[in-house]
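Mapping the sequence shown onto this note's numbering, position 25 (from 1) lands on 25, and the numbers just tick up by one.
Think of the CB as a built atom: it goes at the ideal place given N, C-alpha and C, for glycine as much as any other residue.
Predicted model only: the values in this text are computed from it and were never measured.
In what follows, a single structure is set out as structure tokens and then discussed.
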Amino acid sequence: MVISNKSEYALLALLELATCYASGESLQIREIAVLQDIPNRYLEQLLATLRRQGLIKSIRGAKGGYVLARDPRTITVLDAFNCMEGADVPVSTCEPNVNTVESEVIQEVWQEARQAANAVLQKYTLQDLCERRAIRKHKELMYYI
Numbered sequence: 001m002v003i004s005n006k007s008e009y010a011l012l013a014l015l016e017l018a019t020c021y022a023s024g025e026s027l028q029i030r031e032i033a034v035l036q037d038i039p040n041r042y043l044e045q046l047l048a049t050l051r052r053q054g055l056i057k058s059i060r061g062a063k064g065g066y067v068l069a070r071d072p073r074t075i076t077v078l079d080a081f082n083c084m085e086g087a088d089v090p091v092s093t094c095e096p097n098v099n100t101v102e103s104e105v106i107q108e109v110w111q112e113a114r115q116a117a118n119a120v121l122q123k124y125t126l127q128d129l130c131e132r133r134a135i136r137k138h139k140e141l142m143y144y145i
């Protein structure tokens, strides 16, 4: 399983939106782009995909922007990954030759690896990432004092 820039940037954007969820505040594309150093145009495309898949909502108007469509405790890293990459991303780029026992055995291992990776991604929510981020930022702050 390869984590693309697309998925990485989408998670960074979702993390920023999750941070604002409790306050109900929306974030504009340019704000997210600056906070996470993501190109504006690319971020627009990613947010459009996340909106179409129902993970975020857009708010129109002068104070508009983007917000999470649901509580960050209910959105998993796997949800974001599947939204950006599709649920059926192959683990191996090789075309399996199912005619041999060896190929079948190898494909079983790839399938098991995919299931294990999915289990880990399903385990973490956006809220979990926000909490980890807060802990790390707090530790960084303590080093500078």
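Boundaries (first-last residue) of the alpha helix (DSSP H) holding residue i
| i | result |
| --- | --- |
| Lys118 | For the record, residue 118 in the displayed sequence is Asn; it is not Lys. Start and end: 101–123. |
Selected residue, minimal CA-CA separation from residue i, among the options
| i | options | result |
| --- | --- | --- |
| Lys123 | Val77, Gln53, Ile106, Glu85 | Val77 |
| Glu16 | Glu131, Val109, Glu140 | Glu131 |
| Ser4 | Thr19, Ala80, Cys20, Asp128 | Ala80 |
| Tyr21 | Asn40, Glu8, Lys6, Ile56 | Ile56 |
| Ser58 | Gly24, Glu104, Leu121, Ala113 | Gly24 |
| Leu35 | Ala119, Ala62, Ile75, Tyr9 | Tyr9 |
Cβ-Cβ distance between residue i and residue j below 7 Å
| i | j | result |
| --- | --- | --- |
| Leu11 | Pro72 | no |
| Ala13 | Ile32 | yes |
| Thr115 | Cys83 | Inspection of the sequence shows that residue 115 is occupied by Gln rather than by Thr. No; because the gap between Cβ atoms is not below 7 Å, this pair is not in contact. |
| Ser7 | Glu85 | yes |
#### Entry: Segments of 3+ residues assigned as beta strand (DSSP E) that fall wholly inside the region 3–83
Those beta strand (DSSP E) runs which fall completely within the region 3–83 and span 3+ residues are 56–59, 65–68.
### Message
Using a Cβ distance threshold of 8 Å, determine whether the region 97–109 contacts the region 38–45, with at least three qualifying pairs required.
### Response
Contact between the region 97–109 and the region 38–45 is absent, because fewer than three Cβ pairs lie under 8 Å.
#### Entry: the region 49–66 touching the region 28–39, judged by at least three CB pairs closer than 8 Å
Enough Cβ pairs lie closer than 8 Å, so yes.
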